[in-house]
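If you count the sequence shown from 1, position 164 lands on 301 in my numbering, and the numbers rise without skipping.
Since the structure comes first, as structure tokens, the remarks are kept for the end.
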Amino acid sequence: MEKTVLSATLLFLGCLGVSWVHADSLSAPLNVTIKALKVNSAVVTWDIFEGDPVIGFAITQQKKDVRMLRFIQEVNTTTRSCALWDLEEDTEYIVHVQSISLSGTSPPSEPVLFRTPKEAEKLASKSPDEVTMEEVDQRAQLRAGELIIIVVVLIMWAGVIALFCRQYDIIKDNEPNNNKDKAKNSSECSTPEHPTGGLLRSKV
138 MEKTVLSATL LFLGCLGVSW VHADSLSAPL NVTIKALKVN SAVVTWDIFE
188 GDPVIGFAIT QQKKDVRMLR FIQEVNTTTR SCALWDLEED TEYIVHVQSI
238 SLSGTSPPSE PVLFRTPKEA EKLASKSPDE VTMEEVDQRA QLRAGELIII
288 VVVLIMWAGV IALFCRQYDI IKDNEPNNNK DKAKNSSECS TPEHPTGGLL
338 RSKV
């Protein structure tokens with residue numbers, strides 16, 4: 138009887154332990170995909186099983202055929218993507234993603250292999266009508282700079298015109314005084330000549 142009770146107790150504890158390990162175990166992330174692939178950067182995205190007690194993710198980036206690893210850890214329960222930066226052009230990379238919980242990490246996801254494009258290939262594949270956000274920002278900055286230059290030039294011209302008008306008013310105000318002075322000087326010069334001429338005629 139005691140052996141039966143002991144066996145039942147051990148079986149119960151074993152089942153409880155199995156269920157606890159299953160509850161804490163994590164599944165590897167699914168649908169790992171590379172998006173926004175550029176010459177020097179890319180974005181890796183993934184999905185997880187609903188209900189997994191995830192507190193973060195670990196992304197492993199490796200060059201193909203090269204023993205160089207980059208380990209990125211994201212402690213965020215809602216994130217489903219990560220930016221890969223400082224990549225080399227025309228280079229193959231392998232990426233794995235793992236889920237992280239309080240009890241450990243999940244197995245790595247299926248490896249994803251991708252190659253970064255060459256700079257020339259990226260420029261050739263870009264259509265003439267395609268405009269990136271960086272180019273939009275650059276154009277906006279150029280337009281803002283042009284508007285500032287135009288405003289400064291208009292202010293300078295307005296100042297020059299105002300100064301010219303002021304000088305013109307001063308010159309115009311001084312013109313009647315100059316005319317009066319000229320008339321006065323001419324009258325003073327011509328007055329003595331007539332009497333002298335009259336005297337000469339009377340003597341003759």
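Every residue, glycine too, gets a C-beta built ideally from N, C-alpha and C.
Check                                                                                                                                                         : Outcome
Specify the secondary structure class of Ile-307 as computed by DSSP and reduced to three states.                                                             : helix
Taking 7 Å as the line, does the beta carbon of Ser-246 fall inside it for any heavy atom of the ligand SAH?                                                  : The model depicted lacks the ligand SAH and carries no ligand whatsoever.
If contacts are defined as beta-carbon pairs under 8 Å, then Arg-204 and Gln-198 qualify, I think. What distance do you get, rounded to the angstrom?         : Arg-204 to Gln-198, Cβ: 13 Å. No contact.
Under the assumption that Tyr-230 contacts Lys-255 (Cβ atoms under 8 Å), give the Cβ distance between them as a whole number of angstroms.                    : Tyr-230 to Lys-255, Cβ: 15 Å. No contact.
Could you pull out every residue in the same chain whose Cβ sits closer than 6 Å to the Cβ of Leu-163, ignoring the five residues on either side in sequence? : Asp-189, Ser-236, Ser-238 and Ser-243
Roughly how many angstroms separate the alpha carbons of Phe-186 and Arg-252, rounded to a whole number?                                                      : 28 Å
One question on the structure: do Ile-196 and Cys-219 come within less than 8 Å of each other, judged by their Cβ atoms?                                      : yes
Relative to the C-alpha of Thr-214, which residue among Asn-311, Val-232, Asp-184 and His-233 is closest?                                                     : Asp-184
Within 10 Å of its beta-carbon, does Phe-194 have 16 or more other beta-carbons around it, so buried, or fewer, so exposed?                                   : buried
Identify whether Trp-183 lies in helix, strand or coil by the three-state DSSP scheme.                                                                        : strand
Which word fits Ala-179, buried or exposed, when buried means at least 16 other C-beta atoms lie within 10 angstroms of its C-beta?                           : buried
Let me know the secondary structure DSSP gives Glu-247 once reduced to three states.                                                                          : coil
With DSSP as the reference, please indicate the residues paired to Gln-199 in a beta bridge.                                                                  : Leu-206 and Ile-231
Suppose contacts are defined by Cβ-Cβ distances below 8 Å. Is Val-232 in contact with Val-289 by that definition?                                             : no
Compare the Cα-Cα distances from Val-181 to each of Leu-279, Gly-282, Ile-292 and Ser-246 and report the closest residue.                                     : Ser-246
Output the boundary residues of the beta strand (DSSP E) element that contains Ala-220.                                                                       : 218–221
If I measure Cβ to Cβ from Arg-303 and keep anything under 6 Å in the same chain, skipping five residues before and after, which residues do I get?           : none
So, with DSSP's three-state summary, where would you put Glu-226?                                                                                             : coil
Run through DSSP, which three-state label would His-159 get?                                                                                                  : Annotation note: pLDDT 40 at His-159 (below 50); position unreliable, coordinate value reported separately. DSSP places His-159 in helix when its eight states are reduced to three.
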